[in-house]
Amino acid sequence: MTIGDSILKQLKQEINEVEYNRYIKQLSFCTENSKTDYALFLAPNPLIASWVRTKYSEKIAHLFEIKTSIKPQVAIEIKSKKQTNSKNSENIISAPAHNTQQSLLNPAYTFENYVVGSSNQFAFSAAQSVCDKPGEAYNPLFIYGGVGLGKTHLMQAVGNRLQTQGKTIIFSSVEQFVNDFTRHLRNQTMDRFKDKYRKCDVLMIDDVQFLSGKTQTQEEFFHTFEVLKSENKQIILTSDKQPKQIAGIEDRLISRFEWGLVTDIQPPELETKIAIINKKCEINRVDISKEVIDYIATIIDNNAREIEGILSKLHAYAKLMNQTITLEFTKNVLKEQLKEKRENITIESIVKFVSKELNVKPSEIKSKNRSKNIVYARRVSIYLARSLTQNTMPQLAQYFGMKDHTTISHTMKKINELIKSDENFKVKIDELNNKISAGGQT
Ligand code: ADP
Ligand code: MG
Numbered sequence: 002m003t004i005g006d007s008i009l010k011q012l013k014q015e016i017n018e019v020e021y022n023r024y025i026k027q028l029s030f031c032t033e034n035s036k037t038d039y040a041l042f043l044a045p046n047p048l049i050a051s052w053v054r055t056k057y058s059e060k061i062a063h064l065f066e067i068k069t070s071i072k073p074q075v076a077i078e079i080k081s082k083k084q085t086n087s088k089n090s091e092n093i094i095s096a097p098a099h100n101t102q103q104s105l106l107n108p109a110y111t112f113e114n115y116v117v118g119s120s121n122q123f124a125f126s127a128a129q130s131v132c133d134k135p136g137e138a139y140n141p142l143f144i145y146g147g148v149g150l151g152k153t154h155l156m157q158a159v160g161n162r163l164q165t166q167g168k169t170i171i172f173s174s175v176e177q178f179v180n181d182f183t184r185h186l187r188n189q190t191m192d193r194f195k196d197k198y199r200k201c202d203v204l205m206i207d208d209v210q211f212l213s214g215k216t217q218t219q220e221e222f223f224h225t226f227e228v229l230k231s232e233n234k235q236i237i238l239t240s241d242k243q244p245k246q247i248a249g250i251e252d253r254l255i256s257r258f259e260w261g262l263v264t265d266i267q268p269p270e271l272e273t274k275i276a277i278i279n280k281k282c283e284i285n286r287v288d289i290s291k292e293v294i295d296y297i298a299t300i301i302d303n304n305a306r307e308i309e310g311i312l313s314k315l316h317a318y319a320k321l322m323n324q325t326i327t328l329e330f331t332k333n334v335l336k337e338q339l340k341e342k343r344e345n346i347t348i349e350s351i352v353k354f355v356s357k358e359l360n361v362k363p364s365e366i367k368s369k370n371r372s373k374n375i376v377y378a379r380r381v382s383i384y385l386a387r388s389l390t391q392n393t394m395p396q397l398a399q400y401f402g403m404k405d406h407t408t409i410s411h412t413m414k415k416i417n418e419l420i421k422s423d424e425n426f427k428v429k430i431d432e433l434n435n436k437i438s439a440g441g442q443t
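First residue of the sequence shown: 2, per the working numbering; consecutive thereafter.
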């Protein structure tokens, strides 16, 4: 088995089976053209290539790094085109111009590919200003908003632009930052860690909310921040909520997060969703009618990440069944998906999810325990179960071991009042709601 194959096998352990079968399984590792610092995989079509590139190239690179200590550039090329145009193919990510440690950015995450609407106009302009005056205009630039609203895309757009101007860009998830930190600490190679994170021109950390509770990493990140900031190097951060709302982060870091510009991205309006779908069709060279695009825009939630999955599915089915993608065809193909999505959310899955998020046991949520945090978790679960599943109030009462539906109705009233009066609470509920709707990932 080649190293590439064993990496994919490892990836299989870490991702869900449907994703694995639909995308990763279709890849083959190209031994001839790969090197220790360059891993080339071949995909059967542009959609799979783009999907894997967006979602998994960072992860694949990381698995290589764990195995070989070298983090390669991961390229996903389209198989059929390989013979005809190998070197100039747009699907090959060009090698970095110089030797300094650079991060692999998704080449599709550009400003040109970013659709601007009133929901993201401000963040978009801020990102462009950062490109004009890196380190000066807004430092740090802090972008926050819900899942799939385009934070990572926008941040990498800055990275892609500045990279072409010869700047050294480090893009890292919190997970990768933590892994790098612990590995270098253990191996006593902290100078290399510092070289990587402190000697770049632009440092981008994605989803900083995951720093929550990681005291040691926060300390290290604080020092990294101070060094970069004092040298006017640009820092860009994203998060699912605004700095003050992130729990478990030191005050001094929160105040640093707020030093530059904090901007949010709101869920897209229908027109913006339609424009994003159009853009994705263009990039992935999928040809579908306006009617179908409008339909897709109305069934997706606010999460633009769903779009590529849907296009990929439509494309695959159309090919398999040798059909054109009409509205009726689309409805049929997506019917299952819509049903699945709703059926996947059950009271159990909500309770399980809430218990994990709020750190109580599922059995406690269902018990009669009156301690404050458990009552809180129970209320939140009931509220989410009522809003996200088809269960009736008596069914919920039965599940949560309550006398009758009046208790549920009382809880709903209570929570609706809280949502109106307590901004923090509203944010928390929205966050849980989004996460569960997006597939319940923590
Ligand atoms: P986030 O980091 O906020 O969770 P991403 O940046 O990963 O979201 O975006 C999810 C997907 O949606 C990506 O494929 C991205 O290209 C696409 N996307 C989101 N917003 C836009 C937009 N305004 N224009 C074009 N594509 C977008
Ligand atoms: Mg993101």
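Glycine included, C-beta positions come from ideal geometry on N, C-alpha and C.
With 7 Å as the limit, the residues whose C-beta approaches any heavy atom of the ligand MG more closely are K152, T153, D207, D208 and T239, in sequence along the chain.
Setting aside the 5 residues that flank it on each side, K362 is surrounded in the same chain by S356, each with a C-beta closer than 8 Å to its C-beta; the list follows chain order. With a cutoff of 7 Å, R306 counts as near the ligand ADP, since its C-beta is closer than that to a heavy atom of the ligand.
Under the DSSP assignment, S173 falls in the beta strand (DSSP E) whose first and last residues are I170 to S174. Of the residues V352, V293 and S29, the one whose Cα lies closest to the Cα of T327 is V293. For L163, the enclosing alpha helix (DSSP H) stretches over residues K152 to T165.
The alpha-carbon separation between K245 and I255 amounts to approximately 7 Å. The beta-bridge partner set that DSSP reports for T239 consists of I144. Using a cutoff of 7 Å, the CB of E309 counts as near the ligand ADP, since one of the ligand's heavy atoms is closer than that. The way I'd put it, the segment 124-136 does touch the segment 149-166; three or more beta-carbon pairs between them come closer than 8 Å. Short note on L328: C-beta not closer than 7 Å to any heavy atom of the ligand ADP.
Of all alpha-carbon atoms in Q243, K242, L419 and D202, the one lying nearest the alpha-carbon of T225 is that of D202. Nearest to L28 by C-alpha distance, out of Q103, A50 and Q11, is A50.
By the CB criterion at 8 Å, V381 and L433 fall inside the cutoff. The three-state reading of DSSP puts K281 in helix, counting H, G and I together.
Rounded to the nearest whole angstrom, the C-alpha separation of E365 and I430 is 20 Å. Our two residues, Q235 and L385, have alpha carbons roughly 40 Å apart in a direct line. With 16 or more neighbouring CB atoms inside 10 Å of its own CB, T412 falls in the buried class.
Following the DSSP letters along the chain, one finds E349 inside the alpha helix (DSSP H) bounded by residues I348 to L359. Within the model, the alpha-carbon separation for D6 versus R54 is close to 17 Å. Between A76 and L48 the beta-carbon gap is near 17 Å, outside 8 Å, which marks them as no contact. S290 sits exposed, since fewer than 16 C-beta atoms from the chains shown fall within 10 Å of its C-beta.
By the Cβ criterion, the segment 119-127 is in contact with the segment 145-155, since at least three pairs of Cβ atoms, one from each stretch, lie closer than 8 Å.
A contact is defined here as three or more CB-CB pairs under 8 Å, and the segment 133-151 meets this definition with respect to the segment 258-269. The C-beta distance from D208 to D241 rounds to 7 Å, short enough to meet the 8 Å contact threshold.
For Q74, no alpha helix (DSSP H) encloses it; the enclosing beta strand (DSSP E) starts and ends at Q74 to I79. Boundaries around L385 are those of the alpha helix (DSSP H), K373 to L389, since no beta strand (DSSP E) includes it.
For T264, the pairing in a beta bridge is given by DSSP as I144. Each of I348, G249, M394 and I25 was checked against the Cα of S213, and the nearest Cα belongs to G249.
Between Q396 and R387, the alpha-carbon positions lie close to 10 Å from each other. With fewer than 16 other Cβ atoms inside 10 Å of its own Cβ, R371 counts as exposed.
Under the three-state reduction of DSSP output, Y39 falls in the strand class.
D207 has S174 as its beta-bridge partners, per DSSP. In terms of CA proximity to E270, I300 leads the group F211, Q243, I300 and R286. Contact annotation, F354 with I437: C-beta distance approximately 6 Å; criterion of less than 8 Å satisfied. Of the candidates T169, I4 and N188, I4 places its Cα closest to the Cα of F30.
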